[in-house]
Ligand code: CDT
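Numbering (my numbering), first residue to last: 202 to 513.
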């Protein structure tokens, strides 16, 4: 009996700074309704789905910054999405900016939740690899202030029992790091969900700009193959407040092959029937970790952070 999860990768086109949460949530519900009509079990939305990608601006006023954060999930503004999930019997992954009182202080995380088919939260992940910078750098065409507005996620890379399999989550820049996938691979992950906002232009390294789509596929396809898992990558895409974001939303099989891919830079649903048992042959052979991994040779991975060249 195959274990099929029909997945809708719900690419979202640009969101303007003045767009209300209600307007965005209505777009997300429309995508979920399309997904339900196509028999989807699960819809995956991008990173920071509820607003424009605000780390592109330097803001000194904390009240202004906090306008982009959610103090509750669900909230009155996001409840319609949870209601639609329950009504349609479709689960979802939703990225958002989380503001929470934890251990007696206010914390801000770049977060995603996993919601099951009855509209209940069954998993949460907080972004670990925060790219960009913490101080205003006016020479840039636009800022990337994730290191200023968020703290590093404190939940690790957990894997949840959901949708009949083992489901992990990460967010945008996390997808570029092999450690992200491998920590989940070591928990027998079968499906990794990833939302992203990736500008074409990287101000400190404009020579990389022409490679944005290639690197997007490269990291997710290798993460899928090397860990024998399905990977779903979902973009917030298109020209958003003057900044061009890549699209390239796609669903990748454990073979490393892309089985479905977006063709636009706008709201677009990409659907694939994913058999979680397609992971089995790779997990039993080439990437049988228990048989082939040699962790005693990998100790530097956790002992050392930055690269140190050999002496001599
Ligand atoms: N949102 C996010 O993490 N974006 C980054 C931009 C990278 S700048 C090199 C990304 O990895 O796509």
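No residue lacks a Cβ here, since even glycine has one placed at the ideal position from N, Cα and C.
Under the DSSP definition of a beta bridge, which residues are partnered with residue i?
| i | result |
| --- | --- |
| residue 344 | In the DSSP output, where bridge partners are listed per residue, residue 344 has none listed. |
| residue 326 | 313 |
| residue 400 | 446 |
| residue 206 | 475 |
| residue 303 | 306 |
| residue 298 | 311 |
Determine whether the beta carbon atoms of residue i and residue j lie at a separation below 8 Å.
| i | j | result |
| --- | --- | --- |
| residue 364 | residue 478 | no |
| residue 247 | residue 368 | no |
| residue 360 | residue 395 | no |
| residue 254 | residue 398 | yes |
| residue 425 | residue 453 | yes |
| residue 389 | residue 381 | no |
| residue 291 | residue 225 | no |
| residue 307 | residue 300 | yes |
| residue 406 | residue 480 | no |
| residue 442 | residue 218 | yes |
| residue 354 | residue 310 | yes |
| residue 414 | residue 402 | no |
| residue 318 | residue 335 | no |
| residue 326 | residue 266 | no |
| residue 490 | residue 427 | no |
| residue 483 | residue 511 | no |
| residue 229 | residue 282 | yes |
| residue 207 | residue 240 | yes |
| residue 214 | residue 470 | no |
| residue 342 | residue 404 | yes |
| residue 420 | residue 377 | yes |
Taking residue i and residue j to be in contact with their CB atoms under 8 Å, please state how far apart those CB atoms are, rounded to whole angstroms.
| i | j | result |
| --- | --- | --- |
| residue 256 | residue 345 | 6 Å |
| residue 324 | residue 370 | 7 Å |
| residue 451 | residue 463 | 7 Å |
| residue 251 | residue 297 | 5 Å |
| residue 391 | residue 431 | 6 Å |
| residue 285 | residue 233 | 5 Å |
| residue 212 | residue 468 | 7 Å |
| residue 222 | residue 476 | Contact flag wrong, Cβ pair sits at about 36 Å. |
| residue 459 | residue 422 | 7 Å |
| residue 259 | residue 337 | 4 Å |
| residue 313 | residue 372 | 6 Å |
Check whether the Cβ of residue i sits closer than 7 Å to any heavy atom of the ligand HEM, and report yes or no.
| i | result |
| --- | --- |
| residue 274 | Inclusion of the ligand HEM in the displayed structure is not the case, the ligand content consisting of the ligand CDT alone. |
Does any CB atom of chain C fall closer than 8 Å to the CB of residue i?
| i | result |
| --- | --- |
| residue 228 | Here chain C cannot be found, since the structure has a single protein chain. |
Quiz item: Among all residues, which have a Cβ less than 5 Å from at least one non-hydrogen atom of the ligand CDT, and in what chain order do they fall?
Solution: 332, 373, 374, 398, 399 and 403
Practice problem: Within the segment 416-501, note down every full beta strand (DSSP E) run reaching 3 residues or more, in order along the chain. | Solution: 431-436, 439-441, 444-446, 451-453, 459-462 and 469-476
Quiz item: Whole beta strand (DSSP E) runs in the segment 209-296 with 3 or more residues, listed along the chain?
Solution: 243-245
Quiz prompt | Uninterrupted alpha helix (DSSP H) stretches inside the segment 342-396 (no shorter than 4 residues) | solution = 347-350 and 379-386
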